[in-house]
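Asker: In this note's numbering, the protein residues as written are 163 to 415.
Every residue, glycine too, gets a C-beta built ideally from N, C-alpha and C.
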Ligand SMILES: C[S@@+](CC[C@H](N)C(=O)[O-])C[C@H]1O[C@@H](n2cnc3c(N)ncnc32)[C@H](O)[C@@H]1O
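Written out as structure tokens, the structure is:
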């Protein structure tokens, strides 16, 4: 197994990240599954800049914790929480080695973040940590892509423009993408070519481990989770072969 996995620093430049990821179409879905009790203890793993954490806190959840490993992302999340006048407990930690003082009513890993767990061991460590921190009847939710071989093959053929936007600090960003899928590790070695204010800036690596549907189902069962439901999009259409996403609703077995 190759050991070097990478996510380039510009991928986690918080202002560029937020400019690129302004869509909140997953928020209502997660809101729907949150406990009704606003005092419930909520844990978001890989919370990043608080794209979902802060809107959830703004809707009255008082005990929400966000964990992330990237300092730049968490710093931005803290600034945004302060501006929004909400109280969120942000913790800098690696979710593969979770040791928190609290147990939770609801744990979630949104926005494809499990693709950054590159080895089976990483995924199993995260599942074990969630089992340890989730209350008996608590829910564990996450979403990720349904690997699309045709899309990956197309993505390997040429560099393609995937985004063009302006950041809140007035940088014009263009991102072009090229994929290189590794057939042994299931890691899509994605390159993002950044152009800032009309000039080429750099190539940033965005390695993403693909998880195939049956593989994820089995891994959850092996790690003593029951799959309560599995959807193919945030409108809760049942997962099937046409689904772009895998969205899991789980409980402890
Ligand atoms: C795609 S972003 C998602 C951020 C946020 N949840 C959102 O919805 O915008 C992935 C995040 O996962 C974090 N991350 C990746 N590996 C991690 C790990 N092992 N432990 C904690 N955070 C991790 C990255 O720092 C990044 O902020």
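What are the boundary residues of the beta strand (DSSP E) that residue 305 is part of?
Answerer: Start and end: 296-307.
Asker: Does DSSP classify residue 219 as helix, strand or coil?
Answerer: If DSSP states are grouped into helix, strand and coil, residue 219 belongs with the helices.
Asker: Mind pulling the alpha helix (DSSP H) runs of 4 or more residues that sit fully within the region 194-255?
Answerer: Correct list: 215-220 and 233-246.
Asker: Would you say the beta carbon of residue 193 comes nearer than 7 Å to a heavy atom of ligand 1?
Answerer: No, Cβ of residue 193 sits at least 7 Å from all heavy atoms of ligand 1.
Asker: I'd like to check one pair, residue 325 with residue 182: are the Cβ atoms closer than 8 Å?
Answerer: Result yes, Cβ atoms of residue 182 and residue 325 sit closer than 8 Å.
Asker: With which residues is residue 388 paired in a DSSP beta bridge?
Answerer: For residue 388, which the question treats as bridged, DSSP gives the partners 413.
Asker: Under three-state DSSP, which class holds residue 356?
Answerer: Residue state, collapsed to three classes: strand.
Asker: Nearest to residue 219 by CA position, among 231, 193, 336 and 210, is which residue?
Answerer: Closest by alpha carbon: 193.
Asker: Touching or not, the region 290-300 and the region 220-235, by the rule of three or more beta carbon pairs under 8 Å?
Answerer: The region 290-300, when compared against the region 220-235, does not touch it at the 8 Å Cβ threshold.
Asker: Counting Cβ pairs, one atom from each stretch, are 3 or more of them under 8 Å apart for the region 285-296 and the region 379-388?
Answerer: Because the criterion of three Cβ pairs below 8 Å is met, the region 285-296 and the region 379-388 touch.
Asker: Can you give the Cα-Cα distance for residue 174 and residue 413, rounded to whole angstroms?
Answerer: For residue 174 and residue 413, the distance between alpha carbons rounds to 31 Å.
Asker: Apart from the five residues just before and just after residue 335, which ones in its own chain have a Cβ nearer than 8 Å to its Cβ?
Answerer: Excluding residues within five positions, the ones whose Cβ falls inside 8 Å are 178, 181, 182, 325, 326, 327, 328, 329, 356, 357 and 358.
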